[in-house]
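For what it's worth, this note's numbering labels the leading residue of the sequence shown as 417, then goes sequentially.
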Amino acid sequence: MSKLKIGMVGAGGRMGKAIIQVLANSKFSELSAAVVREGSVFLGFDSGIHAGIKETHIPFTSNMHEAAKNSDVFIDFSTHTSFLSNLEIAVKNKKPLVIGTTGLNEEDKNKIKDAASEIPIVFSPNMSIGVNLLFKLTEIAAKVLSEDFDVEVLDIHHRHKKDSPSGTAVHIKEVLLKALDRKDSNVIYGRHGMYPERDKKEIAMHTMRAGEVVGEHTVYFFSPEERIEIAHKAGDRKTFALGSVKAAEFLADKKKGLYNMFDVLGL
C-alpha cells in the first residue's frame, strides 16, 4: 500500500521540523512538500537537513499550488497572516487540511467553517493526544465539581510565543464555560491591585512566558477542603507532531466537514 503524501505548510518552523522528523519514520505517511513563506531564507534548502535528519530531497518551496499537485493532505502550522491564503489554496485544489496554526480570530474561524463545506478539515487548538485528554478530563471534572470549587487555569510557554493566552488555554476556558454554564464575563485574566472577595462563578486565566518551555497547562479546582489539579506538560514538540500526522491520516478517507481531535481520537 502506498503511503499518504503529506504537504507541510510552515515547514521551516519548530512544528514543521518536528512533523518532518515524524514523517521520516512513519509507516503510513511521507513528506511530499515543504512549504515556507515567499522570500524565506530557507527556500531551496533540503527540508530533511533543516530538520536535523537525513536528506529528504524535498527542498523548501513557497509554491502552494505546486505542492498541492504532489500532496494528498496538507498540515498547516504557518502564521495567522498567511493562513487564509493557504486555506483558499487547499479549497481550490480540494485537499484535506489539518490546521494547527494558532492566533486565529473569529473571522478566521468562520472562514474555516465555510471551507469545511467543501473539503474535510481537522481544526484543533492543540494536536497533542495528551492535551485532548486534558480537555475531556477538564469537562468531566467541571461537571462533577460544579459550583462547589473555584477554578483557575495556568498556561506556561517559551519566551518566544506571541499569543497569550495560548490557543490551548482559550479552549480550556471554552470547555469550562460550557460545562459550568458560565459566560465570558465570568472570566478574568491575571490579577493586579485590590480585589473584592472572589465571585463564585469566576474563572481566572494566568499566563507565563519564559525560558524554552514547550507547553504546560494546568486546570485547578479548589474547595475549602481539597485541591484537584489536571495538568499536561509537553517535553517535546514531537507529541504535537504525532497527533498532527494522526489527524492527517484520519482525513485521508473522510468526506467534507469540520472535525476536531476528539473525532480523530474517538473521544
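Each residue gets a CB set at the ideal place from its N, CA and C atoms; glycine is no exception.
Just so you know, these numbers come straight off a predicted model, no measurement behind them.
- The three-state secondary structure of Val661, taken from DSSP, is helix.
- Glu523 is classed as exposed because its beta carbon has fewer than 16 other beta carbons within 10 Å across all chains shown.
- For secondary structure counted as the alpha helix (DSSP H) over 4 or more consecutive residues, the region 436 to 496 holds these complete runs in sequence order: 463 to 466, 480 to 485.
- If you look at Glu632, you'll find it in the beta strand (DSSP E) that goes 631 to 638.
- Contact annotation: Ala663 and Val560 have beta-carbon atoms that are not nearer than 8 Å.
- In summary, Thr518 is buried, with 16 or more beta-carbon neighbours lying within 10 Å of its beta-carbon over all protein chains present.
- For the pair Phe499 and Gly428, the CB atoms are not nearer than the 8 Å cut-off.
- When the Cα atoms are used, Val452 and Leu459 turn out to be separated by approximately 7 Å.
- Residue state for Gly673 is assigned as strand, using DSSP reduced to three classes.
- Where Ile556 is concerned, the enclosing alpha helix (DSSP H) starts and stops at 545 to 561.
- Cα atoms of Leu596 and His466: separation of roughly 46 Å, rounded to the nearest angstrom.
- The three-state reading of DSSP puts His648 in strand, counting E and B together.
- Shortest Cα-Cα distance from Ser544 to any of His574, Ala434, Ser580 involves Ala434.
- In its chain, beyond the 5 residues on either side, His573, Ala650 have a beta carbon closer than 6 Å to the beta carbon of Gly631.
- In the same chain as Asn486, and ignoring 5 residues on each side of it, the C-beta atoms closer than 6 Å to its own belong to Ser448, Ala449, in chain order.
- The residue from Glu482, Val489, Phe444, Lys589 with its alpha-carbon nearest to that of Ser601 is Lys589.
- By the beta-carbon neighbour count (other beta carbons within 10 angstroms, threshold 16), Thr472 is buried.
- Spatial neighbours of Leu553 in its own chain (CB-CB distance under 6 Å, excluding positions within 5 residues in sequence) are listed in chain order as Ile646.
- The beta carbon of Ser456 lies closer than 7 Å to those of Gly428, Phe476, Ser478 in the same chain, with the five residues before and after it left out.
- Contact between Lys672 and Ala532 holds: CB atoms are separated by about 6 Å, below the 8 Å threshold.
- Taking C-beta atoms as the reference points, Phe444 and Lys419 count as a pair closer than 8 Å.
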